[in-house]
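Working notes, beginning with the structure itself.
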DNA sequence: CTGAAATTGGGTATTTATACCCAATTTCAC
DNA sequence: GTGAAATTGGGTATAAATACCCAATTTCAG
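Residue numbers (my numbering), protein chains in the order written: chain G, 1 to 214; chain L, 215 to 428.
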């Protein structure tokens, strides 16, 4: 049986080396390429296509979601597995919706990563046990079903970021040359969309979801 | 010249493999041990001591700060280098205060990690260029010089956590069986201690500093 | 071009947070 | 035990945020 051909995209040199080392001793998996960013990945895929692509979500140039979408459109035969530190329901959902067929945390032991590769190669979907539970829990308790980032408009994201950085509505209004009422309107929409009832929880949830920077 | 003897503590299998692979091809560095948690590290150090210890800050059982403090007390000859994803001034300060002699991000390229090991082995301190800038910047602009976690009292931490979880002062007062005035007093102290002027920024900063959970 | 969504802005009220003033009691380290 | 820090609580104001009502304009995709 031919080994499964695997490629990696990750901007952390240590992670790339770790995977390289892991696959070195497995004869049913062959590492065919490593890329540090989305651009070089897209270049490389023109030359050769792996069976499985391990894809980091946080890359310097492209979002993992965009890459997954591109790849599943242009190279549907490649099984994309998200390999990331983000144990967040919204990222999990968005990656699967973008065409990924697996989601594994970087903290996972070797066996889990290998299992994910084999299952996805065999046409199954794969998610770690803990993540299954997380997604299930979220779908029961949380009203926000879609990725909120897609839900927020540009202005809302802009206002959200300014709220998080120590500005009041009045100050935000002044810095954007808008009426305070307009800012209040955006604030209200932010509270509705993230399903919280005050600014404190809004910021906490926004940071959790990666919508605002600390 | 004898190679530098290096040990690793990190709960991520991939990172351990990555470092293992990196050192495999360097003849001036020898990897003598890898540990997944603080307990096994402390056990292992009784048997053999490396020249350099690469220490992850987030471990399942002990904080990196505690470990660094223990090691620099019991094995002062070991050069402790923090190897972490946390590019946060307060962690940097706390690790150096706890006796670490280097601080490197996991995103760093191989050369930087090797450089850190060599410099610390030669008795120097080491910090990445970007982190130097961060610490410098912070010491100029930020009034909070110590780790704020040490600064916050138990009640303040408790109130902070409740603020972050969608409760108003009145609700917090009720759930703790206290007067709303008392909660307001704690809130005021939180704003003063973290040097922010409203709840939004308080939460943002608290999360950044690891004082509140998302 | 058309229509839905986004962005803008206003009125009015209430609730909440913040900023000052004040002090008694409790806790805990030295 | 002593004393500093923490915790508790009050009065009074103002500023800010939130909750409703309303609609005109702009943007942008189908």
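Idealized CB from N, CA, C, for every residue including glycine.
DSSP three-state assignment for residue i, whether helix, strand or coil
i	result
residue 125 of chain G	coil
residue 5 of chain G	strand
residue 234 of chain L	helix
residue 426 of chain L	coil
residue 367 of chain L	coil
residue 176 of chain G	helix
residue 187 of chain L	Past the edges of chain L, shown from 215 to 428, lies residue 187 of chain L, and the structure says nothing about it.
residue 52 of chain G	strand
residue 382 of chain L	coil
residue 357 of chain L	Annotation note: pLDDT 42 at residue 357 of chain L (below 50); position unreliable, no value reported.
residue 58 of chain G	strand
residue 225 of chain L	coil
residue 42 of chain G	helix
residue 204 of chain G	helix
residue 36 of chain G	coil
residue 402 of chain L	helix
residue 239 of chain L	coil
DSSP bridge partner residues for residue i (one or two, in chain order)
i	result
residue 100 of chain G	Residue 100 of chain G is not bridged to any residue.
residue 278 of chain L	Beta-bridge pairing links residue 278 of chain L to no other residue.
residue 130 of chain G	Its beta-bridge partners do not exist; DSSP assigns none.
residue 105 of chain G	G:84
residue 245 of chain L	L:220
residue 79 of chain G	G:52
Residue i versus residue j: straight-line alpha-carbon distance, rounded
i	j	result
residue 356 of chain L	residue 408 of chain L	Summary for residue 356 of chain L: the model assigns pLDDT 42, below 50, so the residue's position carries little reliability; its value from the coordinates is reported in the next sentence. Residue 356 of chain L and residue 408 of chain L: Cα-Cα distance of roughly 9 angstroms.
residue 192 of chain G	residue 167 of chain G	20 angstroms
residue 309 of chain L	residue 281 of chain L	10 angstroms
residue 424 of chain L	residue 103 of chain G	26 angstroms
residue 169 of chain G	residue 370 of chain L	26 angstroms
residue 421 of chain L	residue 201 of chain G	12 angstroms
residue 264 of chain L	residue 305 of chain L	24 angstroms
residue 253 of chain L	residue 55 of chain G	33 angstroms
residue 153 of chain G	residue 71 of chain G	26 angstroms
residue 419 of chain L	residue 158 of chain G	18 angstroms
residue 145 of chain G	residue 86 of chain G	A caution first: residue 145 of chain G carries a pLDDT of 45, below 50, which makes its placement in the model too unreliable to give a value.
residue 375 of chain L	residue 403 of chain L	14 angstroms
residue 13 of chain G	residue 329 of chain L	15 angstroms
residue 417 of chain L	residue 30 of chain G	46 angstroms
residue 132 of chain G	residue 291 of chain L	46 angstroms
residue 287 of chain L	residue 42 of chain G	51 angstroms
residue 197 of chain G	residue 413 of chain L	13 angstroms
residue 327 of chain L	residue 186 of chain G	45 angstroms
residue 2 of chain G	residue 106 of chain G	26 angstroms
residue 215 of chain G	residue 184 of chain G	Missing from the structure shown is residue 215 of chain G; chain G here goes from 1 to 214 and no further.
residue 15 of chain G	residue 229 of chain L	6 angstroms
- Contacting positions in the region 225 to 245 of chain L - beta carbon closer than 9 angstroms to chain G: 225, 226, 227, 228, 229, 230, 231, 232, 233, 234, 235, 236, 238
Discussion item. For the region 157 to 179 of chain G, list every residue whose C-beta sits within 9 angstroms of some C-beta in chain L, in sequence order.
Written reply: 163, 164, 165, 166, 167, 168
* Quick one: any contact between the region 115 to 133 of chain G and the region 229 to 244 of chain L, if contact means 3 or more CB pairs under 8 angstroms? -> no
What are the residues of the region 311 to 332 of chain L that lie near chain G, defined by any Cβ-Cβ distance shorter than 7 angstroms? 320, 321, 323, 324
Flag this pair as touching only if the region 172 to 179 of chain G and the region 221 to 230 of chain L have three or more C-beta atom pairs under 8 angstroms; answer yes or no.
no
Please list the residues of the region 189 to 214 of chain G that have a C-beta atom closer than 8 angstroms to any C-beta atom in chain L, keeping them in chain order. 196, 197, 198, 199, 200, 201, 202, 203, 204, 205, 207, 208, 212, 214
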